[in-house]
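Residue numbers (my numbering): 28 to 402.
Just so you know, even glycine gets a beta-carbon here, dropped at the ideal spot from N, CA and C.
Accompanying notes for the structure given below.
What follows is the structure, encoded as structure tokens:
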């Protein structure tokens, strides 16, 4: 099969954009962790492993991978059940499995990529009947199982990310605008009413899938003056980004007023890493990071346009939606646009599970690019 590939189609731009984000991530993690060699070393190792896996996966025809779609789906369900039974509980959430050698991995990160592959296969198989109630109900039921298991960890933010990605893939598969406008006609008024009522009542506490701390985060976002203790991290994040001004204070600065040295934030190397970018690299650094994500998502959509079949297009659209929504959500939390959700910034935040899973998705994209057709 290798001899059938035209390696002129190998998308090296995609790899360069990702490596540029990785370099920024390592530099900022090194600064945010006060030059913790162990943390930086794990991140670099994750980049190396991820890159090797991406290259290997890029040489495997994605059509062959999709023949194992039911196995991928079953594997996603099994590891999510395993984490609920055997997982490590940290701060009230069970999201990690500890392997021999004290190696931790987060199953939900790999489920993101697994569900993109499964959804691409499923939506391609039932493409002709995508607008029938039976097909949509079947897809919704299959997608709901992993979403429910992730919600049980609890991990609402990852659940929302996966559901958003799957909805985008259903749309890309040819969902009729009648379904889209009909759904929006119901969801938008209901969502708007909930947000309005949440400002004056305790209606959010009545929603069964919301945990207490999640309710407080939403209320702190809606009424920051009344929930200062809950929303202080976002307020400090916004001040940190603003304090960086145009060029930033520089990497590894040791001023007591910095978010990392003043203990103004927790998890500044993961969830709030954009605050460190804003403070130390300034407006210019923030724009560079956002621009890199923009061109990365554009490359994914370009590959979707060039893909040789529907399943390839759907995979590209799914990865594009994942990158775009997760990057936007992380930055939106750091800047106060969204409530605090706890999502990593792809390819930048510390976390080997997130890093390797994203690289696996990158490998599939590269293979789709290798098989692209001329238009």
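Problem set entry | Contact the stretch 326 to 343 vs the stretch 143 to 151: 3+ CB pairs below 8 Å | yes
For this session: Look at residue 349 and residue 38 and say whether their C-beta atoms are less than 8 Å apart.
Result: no
Exercise. Within the present structure, is the beta-carbon of residue 122 separated from the nearest heavy atom of the ligand ADP by less than 7 Å?
Worked result: In the structure shown, the ligand ADP is absent, as is every other ligand, since no ligand is present at all.
For this session: For residue 140, name the three-state secondary structure that DSSP assigns.
Result: helix
Exercise. In chain order, what residues of the same chain have a beta carbon less than 7 Å from the beta carbon of residue 309, not counting five sequence neighbours either side?
Worked result: 271, 272, 273, 274, 275
Problem set entry | Nearest-angstrom beta carbon gap, residue 299 and residue 192 [assumed within contact, 8 Å] | Contact flag wrong, Cβ pair sits at about 23 Å.
Problem set entry | residue 43 burial status per 10 Å Cβ neighbour count (16 or more: buried) | exposed
For this session: Let me know the alpha helix (DSSP H) ranges lying completely inside the stretch 103 to 178, each 4 residues or longer, listed in chain order.
Result: 134 to 152, 160 to 178
For this session: Tell me whether the beta-carbon of residue 297 lies closer than 8 Å to the beta-carbon of residue 376.
Result: yes
Problem set entry | Beta-carbon contacts of residue 226 that lie in its chain and below 7 Å, excluding the five residues immediately before and after | 249, 250
For this session: Below 8 Å on the Cβ atoms is my guess for residue 172 versus residue 104; work out the distance and round it to an integer in Å.
Result: 6 Å
Problem set entry | Test item: CB-CB of residue 344 and residue 199 under 8 Å | yes
For this session: Kindly indicate which residue of 222, 218, 45 has the alpha-carbon position closest to the one of residue 319.
Result: 45
Exercise. Should residue 35 go down as buried or exposed, given a rule of 16 or more other Cβ atoms within 10 Å for buried?
Worked result: exposed
Problem set entry | Contacting residues, own chain, Cβ-Cβ under 7 Å from residue 241 (five flanking each side not counted) | 183
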